[in-house]
Structure formats: C-alpha cells, structure tokens
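Numbering follows the UniProt record's numbering, with no gaps: position 189 of the sequence shown is 189.
By construction, the Cβ of each residue, glycine as well, lies at the ideal position given by its N, Cα and C atoms.
Step one of this worksheet: look at the structure below.
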Amino acid sequence: MSTDAKLLPDFIIIGAMKCGTTTLYRYLALHPEIDMSRDKETDFFVAEKNWGKGLGWYSNQFTHADRVRGEASPNYTKCKDFPGVAQRISETCPDVKLIYIVREPVSRAESQFRHSFIMEGLESDLQGFEDSRQYAHILDSSHYARQVEEYLRFFPKEAFLFLDFDELRRDPQAVMNKVTDHVGVSRMQIEDLGKQNDSAELSRVPGFVLRFASSALGRRLAGLMSRDLRNRIRGGLAFQKARVPPGFSEDLKVRMQSDLGDDSARFREISGLSLSGWR
Numbered sequence: 001m002s003t004d005a006k007l008l009p010d011f012i013i014i015g016a017m018k019c020g021t022t023t024l025y026r027y028l029a030l031h032p033e034i035d036m037s038r039d040k041e042t043d044f045f046v047a048e049k050n051w052g053k054g055l056g057w058y059s060n061q062f063t064h065a066d067r068v069r070g071e072a073s074p075n076y077t078k079c080k081d082f083p084g085v086a087q088r089i090s091e092t093c094p095d096v097k098l099i100y101i102v103r104e105p106v107s108r109a110e111s112q113f114r115h116s117f118i119m120e121g122l123e124s125d126l127q128g129f130e131d132s133r134q135y136a137h138i139l140d141s142s143h144y145a146r147q148v149e150e151y152l153r154f155f156p157k158e159a160f161l162f163l164d165f166d167e168l169r170r171d172p173q174a175v176m177n178k179v180t181d182h183v184g185v186s187r188m189q190i191e192d193l194g195k196q197n198d199s200a201e202l203s204r205v206p207g208f209v210l211r212f213a214s215s216a217l218g219r220r221l222a223g224l225m226s227r228d229l230r231n232r233i234r235g236g237l238a239f240q241k242a243r244v245p246p247g248f249s250e251d252l253k254v255r256m257q258s259d260l261g262d263d264s265a266r267f268r269e270i271s272g273l274s275l276s277g278w279r
C-alpha cells in the first residue's frame, strides 16, 4: 500500500474508550496548527471496520497538508476484539506519535457498560454478569498494559504520551499543554467545552435512532453534516424517558479490581503515571 502523496496523521489518540478521547479531539480541532480527521473515530486501522476502504479514503479524512494532522479512535486499543491494529499503524505511519488516555479501570468499565446499555439495550439484570462474555469484552479495554504491550512490539516507548482522565477533568489546561508539546505545536489557551458524549442526553434518544446512527449508512449521513447540526438533531430527538442502567454492586467492583490488578500494576510501571486516584 503506497503512501506517496497521501495525507497521513502525525499523531493518533488510540484510546481508551470512555476516557476523554472526545474532549481531546474537540480541543485539538480548535487549534489553528492542527488538522483533525473529519470523522472523530475513523477506525481505519481496524480490519473489521474501515481498513478495506483503502488509503485514499483515509487520506481524504484530512484537508491540510501544511498542518499537523491527527485522529482519535478508541477501538485501536481493543486488541482482543480487533487484532493487528498496532502493526497496521506502524507499517503505514511508522513515525506517528501516540496518545493514550486512561481512567480508573473499574470506573471506565462501568462507564462503558452504561454506554452499551443506552446504545445497544443490554439486559438490565446483572445476575451472573461477571461470568459472561460481555464482562470479558468490557474488561478488555481496561487492561491498559495489555493494550500498550501490543504497541510496544512495533513502536518505541518514546512515541507515547500517557495521560490520566482524572487530571483532564481536574486541570484540562495542564493536560492539553502536555498534548501540544508532544505533537509539536504551540500551546493554546483552552475554553470549557461543556459536556462531551453526554450519556444523560443519549439515554433519552430512542434506541433505534442510536443504532441507525452507529450503522455504516448512519455514519455516512452524519459525515455530511456539521458537528453543530448533529448535536442539535440529537438534542431534538432526546424526548423519551431516560433509560437508566443498573449500577455495579460493590462485590462486582471488587471482582473487577481482582481481575485487573496485575495489569494495572504493569501499566503503572510502563506509563510512569502515579494514578493516585485509582481504587
């Protein structure tokens, strides 16, 4: 696959899901020196999604040859669901810089469950959940060391910037200074973007609308609209009674802590982050 004369990213936000990637994307999209991909989640390097569309399609996600280009696809750190992503990125963009933002792993998993409940209509009964396929699927994205170790087979550690979601919420300016330094652009004064990926609003949008929006056709139609128009349409459709997912019990959280403990310890060592707010 030739990369001649193609616009390719200089940096990629690779995840993790439900850890603030949308906020990072929207802040960076406001930077005058940065060209963020047209679709926030291109999922180009996922074979099961958009890899087959070819490099020309991916290059058309970007419009400015003279800017630093970037994208954000949390599916890039789901190595069990989507194997081979890190290798495809390394072969296509060998010098790309990587940004990986993480969150207390049990809280991240619970947030993903809430999102899936709202978007996909998961069963509300959590009886036996810890032994289900869905449990293993949700926990995979919280295995941060597992995800990073896959990338370290193809990229040097210096390619990574590791970020903590709690710091993004507490001091977004400090986090964005780290990001702009890492990707090689000037620092910028940021403003409050308001809520991003607001689950409260999504929970009041009819499920069939959300499922259509996530389909290939829905994504193509959304690509023809401005983000502001999409937000206004979504707000107008949020008229149903909210779908409220069940909360995780303390016993389930303790089970998750146990299942994630070794991986979390390895990730602390790899990333160098203190992660003092983690359970």
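**Asked** Are the segment 89 to 98 and the segment 25 to 38 touching by the rule of at least three beta carbon pairs closer than 8 angstroms?
**Response** Taking 8 angstroms as the limit for Cβ pairs, the verdict is that the segment 25 to 38 does not touch the segment 89 to 98.
**Prompt:** Who are the Cβ neighbours of L260 in its own chain at under 6 angstroms, not counting the five residues just before and after it?
**Reply:** So the list reads P105 and S142, once near-sequence residues are dropped.
**Request:** Would you mind giving the Cβ-Cβ distance between N164 and G70, rounded to the nearest angstrom? I have them listed as a contact below 8 angstroms.
**Result:** First, the residue type needs correcting, since residue 164 is Asp and not Asn in the sequence shown. Contact between D164 and G70 is ruled out by a C-beta separation of about 20 angstroms, above the 8 angstroms threshold.
**Asked** Quick one, which of R266, L221, N177 and R220 has its alpha-carbon nearest Y27's?
**Response** In terms of Cα proximity to Y27, the closest of R266, L221, N177 and R220 is N177.
**Message:** Once DSSP output is grouped into helix, strand and coil, what is the label at G247?
**Reply:** Annotated three-state conformation of G247 is coil, per DSSP.
**Message:** Does W57 pass the burial test, meaning 16 or more other C-beta atoms within 10 Å, or should it be called exposed?
**Reply:** Classification for W57: exposed.
**Item:** Endpoints, alpha helix (DSSP H) assigned at G54
**Value:** The continuous alpha helix (DSSP H) containing G54 extends over residues G54 to S59.
**Prompt:** What's the call for P74, buried or exposed, on a 16-neighbour Cβ count within 10 Å?
**Reply:** P74 comes out buried.
**Message:** Tell me the residue span of the alpha helix (DSSP H) that contains R146.
**Reply:** Judged by DSSP secondary structure, R146 falls within the alpha helix (DSSP H) whose first and last residues are Y144 to Y151.
**Prompt:** Among the residues of its own chain, which have a CB less than 7 angstroms from the CB of P172, if the five just before and after it don't count?
**Reply:** Answer for P172: I190, listed in chain order.
**Request:** Measure the beta-carbon distance from R38 to Q61 and round it to whole angstroms, keeping in mind my assumption that it falls under 8 angstroms.
**Result:** Their Cβ separation, rounded to whole angstroms, is 5 angstroms, which keeps R38 and Q61 in contact under 8 angstroms.
**Item:** Residue range of the beta strand (DSSP E) that includes F162
**Value:** Element bounds for F162: F160 to D164.
**Identified DSSP bridge partners for F11** = Bridge partners of F11: G70 and K97.
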